[in-house]
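Protein chains in written order, with my numbering: chain W, 110 to 714; chain A, 29 to 427.
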């Protein structure tokens with residue numbers, strides 16, 4: 110591989126389920142920039158059954174667009190750079206063929222099983238099912254489920270080190286009895302990772318050693334007070350490359366081409382978000398809404414969490430969004446009346462024709478209303494998953510008499526959130542940036558001061574892998590080309606009757622202009638503020654409102670501009686929309702007009 | 029000197045002359061009390077008759093004595109006519125007497141005798157009879173308040189039965205039971221449940237055993253170990269039945285073992301010593317203390333804290349609550365212990381009763397608040413109308 114300092118051209122691909130995306134990163138002057146992008150259909154499925162064909166097609170398109178020859182006559186990527194030919198580094202991610210699909214098992218659902226789930230999700234896998242002793246299923250039902258799902262890998266956790274019990278053996282025996290077979294490749298044994306009670310390793314080996322390809326790593330929960338995820342995550346990654354990738358069509362060849370290990374797409378997205386948040390010392394949340402699933406990532410301090418909402422998406426899973434959210438919740442975001450039958454027809458059409466995009470303004474409004482609910486539900490799931498460890502002894506004082514909580518408070522505290530990054534078709538490709546911003550605000554309900562951004566061309570997976578090899582290039586491209594900064598949202602937390610003052614502020618814009626405003630409850634205001642510029646804001650929330658420093662406590666901050674600018678949201682948190690349809694649509698129209706979400710003629714009367 | 033003595037004797041003779049004349053004159057009977065009436069005392073169970081009269085105009089009356097006729101049982105055998113029985117006497121100015129030991133349905137005769145220093149005069153004889161009433165109208169407000177609470181209890185039960193979700197505040201201690209049992213499962217250690225040191229006649233012990241049912245069902249589902257040391261034989265017998273039933277409901281009757289619930293001693297500190305010894309030897313992952321506790325509360329909870337167990341306590345003993353709060357992870361305080369079974373079961377009847385009682389408490393709290401404010405304002409402003417509201421609240425509504 111070319112020494113890091115000499116790397117001038119980087120080629121990165123992401124093999125998705127339907128499309129393989131290739132990007133070209135080049136050193137322009139003294140900094141790395143993403144310059145070109147190409148794509149081609151993924152070729153994992155029949156009749157091609159070779160992922161590299163899709164990669165070559167995408168790279169060919171990229172070469173044509175950039176005018177740079179990237180492939181030689183034999184169809185190999187030219188390395189290293191020779192003048193206007195080739196690249197210095199080639200990296201790739203993959204979620205083709207459904208990505209890495211795992212099943213996890215533990216003793217108690219909310220303890221070791223949850224830790225196993227966290228380890229698997231953090232490694233970029235889709236967790237198909239979680240088996241636990243208290244999952245209210247009988248042993249034969251668990252066995253049937255394991256046989257039916259055929260995961261790529263199983264992770265077993267359970268018990269603390271030295272526990273005097275046989276619970277984890279019971280779980281292991283269930284898996285052994287199921288004699289699980291892998292999804293891909295008939296001739297090899299299913300990879301199983303044991304990350305449970307250290308003193309039960311011999312018995313686990315006895316039960317599973319001959320039936321599966323068993324790996325043993327450190328206990329995920331050596332004590333209930335600590336969670337050690339890294340060894341299990343690394344082993345998942347290794348096994349993904351050694352076993353799963355080797356069985357997928359064409360991946361063995363692709364693995365020879367790349368200069369860094371292929372990563373599952375979600376793991377790469379998580380990696381770049383974590384790196385950026387850690388380097389900047391901020392708390393960040395990222396969301397990737399796809400056709401079938403929605404991934405949510407969060408980095409709060411040292412805590413990194415990822416969840417996959419497998420049934421929330423904008424095409425294959427759109428019916429499920431409606432079922433889970435309820436018709437009324439979807440309809441509340443639509444500023445005009447719509448027949449229920451019409452709405453249901455549209456949803457079913459989208460489900461059976463997943464690649465269609467909205468053709469009319471009405472369809473767009475409707476699709477974005479569904480997206481709001483999908484994002485809201487996915488984020489709710491994420492928040493309930495990202496909690497403190499369960500089963501830990503609490504230390505209390507007499508002052509806590511009336512403030513006992515049941516430990517369900519989420520680690521994702523909205524008022525501490527600094528950056529919210531959106532990705533996925535409905536967010537990244539919305540006709541107006543204002544629409545993306547409003548979808549994010551309505552579904553995530555940020556509190557305090559939060560920066561909003563979107564992934565311009567879904568580049569985060571590429572940059573995630575790149576960050577493992579060339580951190581500087583990854584960070585530079587992330588900041589300059591990947592993120593499209595939408596602006597900053599200022600939203601005081603609290604509620605009061607509509608019409609009462611919520612927030613008074615003084616905005617010092619670049620160039621010396623100064624604006625003073627007092628917003629009432631239920632009002633929103635947008636101040637254009639160009640990308641790359643900053644403004645100083647003196648905020649004075651009303652008695653019932655809090656911007657993170659306490660109720661009614663004034664605050665002075667510097668906010669960053671973006672394609673949308675500065676949005677001041679005084680609708681209150683939690684947000685409640687009027688139950689009166691006329692009042693609700695009236696309010697929606699006012700907000701839409703103020704923020705410029707849709708053109709006025711696009712909204713039917 | 030002699031002259032002065034003679035003068036004084038003459039003056040004294042002159043002054044006392046009328047009195048001496050009156051004593052010598054024949055005595056004159058006073059005017060008797062008039063308008064005598066005997067009527068049944070309302071709003072009672074029929075054992076009181078009130079006798080009323082108008083004061084005699086004669087200023088020399090010293091007292092009024094009330095007499096009644098005897099009932100046949102009080103008439104001595106052989107006598108044809110019984111003499112009047114005195115009920116008591118009152119001073120002048122008082123115009124009523126309540127005969128409070130009357131027999132229901134018996135018609136009595138009454139007379140009131142005005143008495144002077146040397147004579148007396150009887151009023152006309154009147155009759156009266158006591159009757160029982162179905163309702164005590166003086167307690168109308170109690171009926172209204174009680175009726176309101178009952179109405180809400182029935183209403184909430186009906187709503188809950190029809191599937192309406194009744195909001196019950198989360199009780200952190202109960203929410204944490206799953207977590208506490210899960211900890212014991214993962215660590216392979218037992219769960220210790222202490223149902224207090226009182227017997228089955230104590231309502232807190234009953235509440236504790238209700239919770240034991242829930243906890244042991246969870247333990248059965250997790251296949252964890254349970255240990256219930258008790259200090260009363262009856263509690264042991266009941267506890268065994270509760271745990272057996274829970275294991276049955278969880279579908280694990282084979283895991284039930286009678287020795288899970290075992291007797292230690294009736295002696296308070298002997299029991300504590302026994303339990304503490306168990307805690308230190310077995311190092312359970314979870315300790316639950318639910319019931320009535322006294323001085324042993326801190327001894328138990330502190331030992332559990334030292335061995336690193338998750339501890340959940342619940343008691344209605346106010347004096348022990350601070351110790352539990354300080355030493356335990358979660359504490360069910362006072363009424364939370366009793367509300368627990370409704371909270372856990374989700375049974376419409378229990379939930380409805382809980383909500384109905386809450387309405388009752390709300391009414392009482394509202395009345396206390398209103399009374400305090402009105403009394404303060406009445407004192408401050410001296411307003412008569414405000415004072416009448418206070419009197420109404422004090423005398424009419426809650427008395």
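Glycine included, C-beta positions come from ideal geometry on N, C-alpha and C.
Note down, in chain order, each residue of its chain lying with its Cβ closer than 7 Å to the Cβ of residue i, except the 5 sequence neighbours on either side.
i, result
"residue 52 of chain A", "Confidence in residue 52 of chain A is poor, its pLDDT being 46 and thus under 50, which makes the residue's placement too unreliable to answer from."
"residue 419 of chain W", "235 and 402"
"residue 49 of chain A", "For residue 49 of chain A, the predicted structure reports a pLDDT of 45, less than 50, and the residue's modelled location is therefore unreliable. A value from the coordinates is still provided. Within the same chain, residue 49 of chain A has no close Cβ partners at all."
"residue 526 of chain W", "392, 394, 555 and 559"
"residue 445 of chain A", "One cannot answer for residue 445 of chain A here, as it falls past the ends of chain A, which runs 29 to 427."
"residue 329 of chain W", "221, 224, 225, 228, 266, 304, 336, 337, 338 and 341"
In the DSSP assignment, find the unbroken beta strand (DSSP E) run with residue i in it and report its ends.
i, result
"residue 81 of chain A", "77–82"
"residue 148 of chain W", "140–150"
For residue i, report the span of its alpha helix (DSSP H) as first-last.
i, result
"residue 571 of chain W", "569–578"
"residue 454 of chain W", "449–461"
"residue 698 of chain W", "690–704"
"residue 360 of chain W", "360–366"
"residue 351 of chain A", "349–355"
"residue 387 of chain A", "376–409"
"residue 172 of chain W", "160–175"
Quick check: what's the CA-CA separation for residue i versus residue j?
i, j, result
"residue 634 of chain W", "residue 421 of chain W", "31 Å"
"residue 443 of chain W", "residue 619 of chain W", "36 Å"
"residue 441 of chain W", "residue 227 of chain A", "57 Å"
"residue 353 of chain A", "residue 359 of chain A", "6 Å"
"residue 217 of chain A", "residue 311 of chain A", "7 Å"
"residue 192 of chain A", "residue 688 of chain W", "20 Å"
"residue 159 of chain A", "residue 131 of chain A", "9 Å"
"residue 667 of chain W", "residue 657 of chain W", "15 Å"
"residue 127 of chain W", "residue 153 of chain W", "9 Å"
"residue 382 of chain A", "residue 344 of chain W", "53 Å"
"residue 202 of chain A", "residue 314 of chain A", "13 Å"
"residue 65 of chain A", "residue 169 of chain A", "30 Å"
"residue 398 of chain A", "residue 322 of chain A", "37 Å"
"residue 101 of chain A", "residue 78 of chain A", "22 Å"
"residue 566 of chain W", "residue 590 of chain W", "9 Å"
Can you find the residues in the same chain that come closer than 8 Å, C-beta to C-beta, to residue i, ignoring five residues on each side of it along the sequence?
i, result
"residue 70 of chain A", "161 and 165"
"residue 643 of chain W", "619, 667, 668, 669 and 670"
Enumerate in chain order the residues of its own chain whose CB-to-CB distance from residue i is below 6 Å, with the five nearest sequence positions on each side excluded.
i, result
"residue 238 of chain A", "369"
"residue 164 of chain W", "122 and 129"
"residue 373 of chain W", "208, 209 and 233"
Decide if residue i is buried, meaning its Cβ has at least 16 other Cβ atoms within 10 Å, or exposed.
i, result
"residue 161 of chain W", "buried"
"residue 284 of chain W", "buried"
"residue 384 of chain W", "buried"
"residue 113 of chain W", "exposed"
"residue 469 of chain W", "exposed"
"residue 696 of chain W", "buried"
"residue 56 of chain A", "exposed"
"residue 167 of chain A", "exposed"
"residue 285 of chain A", "exposed"
"residue 316 of chain W", "buried"
"residue 279 of chain A", "exposed"
"residue 650 of chain W", "buried"
Are the region 179–191 of chain A and the region 378–392 of chain A in contact at 8 Å, needing three or more beta carbon pairs?
Flag = yes, the region 179–191 of chain A and the region 378–392 of chain A touch.
Between the region 195–202 of chain W and the region 562–580 of chain W, do at least 3 Cβ pairs fall closer than 8 Å?
A contact exists between the region 195–202 of chain W and the region 562–580 of chain W.
Can you confirm whether the region 495–504 of chain W touches the region 531–548 of chain W when touching is taken to mean that 3 or more C-beta pairs between the two stretches lie within less than 8 Å?
The count of Cβ pairs closer than 8 Å, one atom from the region 531–548 of chain W and one from the region 495–504 of chain W, stays below three, leaving the stretches out of contact.
Decide if the region 167–174 of chain W is in contact with the region 578–596 of chain W; the criterion is three or more beta carbon pairs, one per stretch, under 8 Å apart.
Fewer than three pairs of CB atoms, one per stretch, sit closer than 8 Å, so the region 167–174 of chain W makes no contact with the region 578–596 of chain W.
Does the region 556–569 of chain W come close enough to the region 443–452 of chain W to have 3 or more Cβ pairs within less than 8 Å?
In this structure the region 556–569 of chain W does not touch the region 443–452 of chain W; the number of beta carbon pairs closer than 8 Å is below three.
Spell out a yes or no on whether the region 300–312 of chain W and the region 259–266 of chain W are touching, meaning 3 or more CB-CB pairs, one atom from each, closer than 8 Å.
Taking a contact to require three or more Cβ pairs closer than 8 Å, the region 300–312 of chain W and the region 259–266 of chain W qualify as touching.
Between the region 211–224 of chain W and the region 270–287 of chain W, are three or more C-beta pairs nearer than 8 Å?
As far as the Cβ criterion goes, the region 211–224 of chain W touches the region 270–287 of chain W, which means the pair count is three or higher.
Three or more C-beta pairs under 8 Å: does that hold for the region 289–301 of chain W against the region 344–364 of chain W?
A contact exists between the region 289–301 of chain W and the region 344–364 of chain W.
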